[in-house]
Every structure is written in structure tokens, then in C-alpha cells.
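Reviewing the structure listed below.
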Amino acid sequence: MTAHVSTDVSVPTGYTVDPARAALWETARELWAPRHIAAGNGEERAVALVAGRAHTAYRKIVDVLAPDAAGFARAVAAAVADRSFVDATHPAPILIRFEEHPTIAPLDETRQAALRELGFERDPDPVPSVPSTRPGEPAHARSWSLWLGDRPQRTVPYYGQTTDVTCGAVTALMMLEQEGLTKFGDSGDANQEREIDFWRRATNLPACDPVGLAVTTAREISSEGLAVGAPKVFMSAAGLVLLEDFQDDPYELRLREQLQHDSLRQAAALGLEIERRWIEVAEIRDLVAAGNDVFLLIALAPLIGDPAPHWVLAHDVIDDALIVSDPWVEAAHGESWVDTSCLPIPLAGIDLIMRWGDPEYRGAIVVPR
């Protein structure tokens with residue numbers, strides 16, 4: 033089979049689709065290295081749209097336009113085999129995802145069977161939160177995964193943060209749900225109340241600093257009687273952190289300093305360990321491989337071009353990649369929860385994104401099982 037690759041981002045010639053489906057093809061995804069992968073010729077020509085975050089080891093098949101199930105299978109197979117995107121920014125994938133759009137382009141039984149024949153398996157549904165996780169929403173998505181080697185053994189119930197500031201809270205809550213908290217349910221509104229409540233207890237307004245997030249997580253573990261250990265903080269900075277946005281406003285700066293000093297007092301009262309050193313990514317990999325969950329403080333800019341600090345959860349290891357669940361879905365550039373759940377990031381990418389501030393510092397929270 034001959035496949036033709038193009039970086040065009042419009043609906044392929046020869047196909048007419050409704051506006052909602054056309055938007056899948058026309059969304060700006062430059063950082064995600066989009067490709068059209070065409071298989072076949074003439075009336076048998078089928079085309080897949082493929083994209084994926086920088087510095088991560090996955091690719092997502094966004095949509096396939098095909099005359100029939102056989103053409104669909106050819107286009108998916110060609111997309112799986114494509115490596116035209118691989119460069120210093122986009123590593124070779126260990127995971128291929130197919131993003132199904134039940135509201136605007138549901139897969140019939142023959143296309144589902146074609147995915148299974150190619151080795152894809154349907155992923156568990158996420159917790160209702162952001163639009164792509166909610167059945168009936170135009171953005172609702174289902175995920176099908178093809179792991180090209182080993183599969184993750186430890187997954188988490190995926191939840192997408194519903195505000196710009198609750199990444200730390202959601203990172204902790206995904207870990208807690210995995211460990212038996214079970215407070216998320218079928219109601220997206222009720223789930224958001226849980227998200228906001230945890231954030232209000234952990235926040236440094238608006239961010240969650242490592243110590244404050246560890247304190248709130250420790251209290252939740254204790255109050256719920258969960259079978260995990262007390263969180264441990266690794267922080268390379270000698271002093272307070274995440275204060276960069278307040279240097280020109282002494283009153284706002286003072287408030288955040290007071291909040292962090294209070295978190296430090298609470299951490300000492302709870303007996304939480306804070307280790308002030310630069311933790312290497314190989315050590316993080318070993319901690320996760322040993323069964324620990326690790327919250328990573330990262331910079332989003334290398335991944336999605338957003339100059340913000342952020343929290344994600346590392347919960348498994350495959351080869352030289354951490355398996356990360358990221359609360360943030362960059363929907364404006366075509367992402368859904370399919371991009372951010374069980375996301376493999378090679379250690380080189382982890383080392384790049386786990387640098388924040390000027391001078392750079394590194395932060396992580398380890399929750400032992």
C-alpha cells in the first residue's frame with residue numbers, strides 16, 4: 033500500500049462534510065505537527081488526519097474520511113505506520129490513539145471491527161468534566177488505543193480540569209480516586225464542586241505550590257483512610273516558589289508569601305518531609321516504576337505553547353517514558369481528553385518540561401503506595 037503524506041490542514045479534496053466535522057480538519061494545530069495520510073487513489077482514496085503534542089511519544093488519529101470500511105482500515109493502517117513527523121521535537125510514538133467523535137462522526141460496527149483487527153482497544157470512559165468527556169456534547173470523544181509495545185499497568189480515572197487554575201487539585205484527585213476515594217460520579221456539575229473544593233483548600237491563589245498541595249493531599253489521605261503513605265516534597269528552590277507574577281505588587285506578593293509560610297508550618301505539624309534538592313528524571317522514573325505516584329510541576333510552554341506552570345500526574349513507566357495524565361486539555365487547538373490521558377512522555381521531554389522560574393527550579397510530590 034502506498035501512502036501519501038501532506039501537511040495541508042483543510043478537508044481533503046473529494047469529500048464534503050458538515051461544518052462540525054470540517055472543524056476537526058481545519059483547527060490550527062501547528063505545534064502538534066499535523067499530517068494528512070492518504071491511502072489509495074481515485075474513488076478508493078481514504079485520508080486520515082493525524083497530530084500529537086510535542087515532546088511526547090504518541091500520535092492521535094483525529095478523523096478518517098473513507099468511502100467504506102476497507103478504505104477506513106487502509107487509512108488507519110497508513111497513519112499507524114507514518115513516521116514523517118519524527119524529529120527532535122516529536123519522538124517516535126509508542127502509542128497510537130484513535131479519537132472517535134460520537135456526536136458528529138460515530139463509528140459503525142464495521143469500522144469499530146476494523147480498529148480491533150488492527151490491534152486497537154477501546155479505552156475506559158473518563159470522569160465527566162471538560163466537554164470532550166461529556167456524552168451528548170458536540171466535543172464528546174471516545175478513545176481507542178494501540179500500544180506498540182507494553183501497555184500501562186496502572187491507570188487513573190481521567191478528569192479534565194474545568195478551570196484555568198485547578199491543575200494541582202485535579203492531579204491530586206485523580207491519584208486519590210485511583211487509590212479508592214470514589215467521590216467522582218456521573219454528574220459533571222457535582223464533580224466540579226469537588227474539584228473547586230479541593231483547590232480552595234490547597235491553593236496559593238491561584239496556583240497550588242508544592243507544599244500546600246502536599247498538605248491538602250496528606251489530610252485527604254488521612255481523613256479518608258486511604259492505604260497510601262504521606263506525601264514527600266522534592267523542591268530544588270531554597271525558598272518560596274511560584275511568585276513570579278507578583279514581584280511588582282508588594283501587597284499581592286506578601287499575601288502569597290504568608291500563605292506559603294502557613295503551608296510550611298502545617299507541613300511541619302503533619303510531619304511531611306521536604307527535601308530541598310534537584311531531583312533527576314531518572315530518579316523520578318525509578319520512583320514511579322517502584323509503584324509510587326508522582327505529581328510533577330512542569331512548564332506547559334514546550335508542550336502546547338502556554339507560558340504557565342502546571343501540575344500533572346505520573347503513574348506508570350513504559351521503557352524510557354513516564355505515563356502521565358495531564359488535567360489540561362488544549363481544546364482551542366484540537367485536543368480532547370484522548371490527548372491527555374495515559375500520555376507517554378520520554379525522559380528527555382520530562383527533563384525539559386520540569387524546569388520553571390528564573391533561575392530554574394524543579395518541584396515534585398511523591399505519594400508512596
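With the numbering used here applied, the sequence shown has no gaps in its numbers, which climb one by one up to 401 at the end. Backbone N, C-alpha and C fix where the C-beta goes; we use that ideal spot for every residue, glycine too.
query: Got a sec? Which residues, its chain only, sit under 7 Å from residue 321 by beta carbon, not counting five neighbours each side?; result: 349
query: For the alpha helix (DSSP H) holding residue 283, just list the boundary residues, first then last.; result: 282-302
query: Hey, quick one: how far does the alpha helix (DSSP H) through residue 143 stretch, first residue to last?; result: 141-149
query: If I measure Cβ to Cβ from residue 198 and keep anything under 6 Å in the same chain, skipping five residues before and after, which residues do I get?; result: 227, 231
query: When DSSP labels each residue in this structure, what does residue 276 get in the three-state scheme?; result: helix
query: Enumerate in chain order the residues of its own chain whose CB-to-CB distance from residue 313 is below 6 Å, with the five nearest sequence positions on each side excluded.; result: 379, 382, 383
query: Could you check whether the stretch 344-358 touches the stretch 165-185, counting it as contact only if at least three pairs of C-beta atoms, one from each stretch, sit closer than 8 Å?; result: yes
query: Does the structure place the stretch 365-374 close enough to the stretch 160-174 that three or more beta carbon pairs sit under 8 Å?; result: yes
query: What's the call for residue 195, buried or exposed, on a 16-neighbour Cβ count within 10 Å?; result: exposed
query: Give the single residue among 67, 137, 193 whose Cα lies nearest to the Cα of residue 372.; result: 193
query: Residue 355: which of 340, 339, 374, 362 sits nearest, CA to CA?; result: 374
query: Whole angstroms are fine: how far does the CA of residue 344 sit from the CA of residue 359?; result: 7 Å
query: In the DSSP output, what is residue 110 paired with across the bridge?; result: None; residue 110 has no bridge partner.
query: Can you tell which of 332, 112, 318 has its C-alpha closest to the C-alpha of residue 71?; result: 112
query: Just list the residues that DSSP pairs residue 178 with in beta bridges.; result: 128
query: Tell me the DSSP secondary structure of residue 375 in three-state form.; result: strand
query: Do you know how far the Cα of residue 50 is from the Cα of residue 67?; result: 21 Å
query: What are the boundary residues of the alpha helix (DSSP H) that residue 162 is part of?; result: From DSSP, residue 162 is part of no alpha helix (DSSP H); its letter is neither H nor E.
query: Does the structure place the stretch 282-294 close enough to the stretch 257-268 that three or more beta carbon pairs sit under 8 Å?; result: no
query: On the DSSP letters alone, give me the boundaries of the alpha helix (DSSP H) that residue 64 sits inside.; result: From DSSP, residue 64 is part of no alpha helix (DSSP H); its letter is neither H nor E.
query: Quick check on this structure: which residue in 200, 245, 161 has the alpha carbon closest to the alpha carbon of residue 222?; result: 161
query: Just to confirm, is the Cβ distance from residue 217 to residue 258 under 8 Å?; result: no
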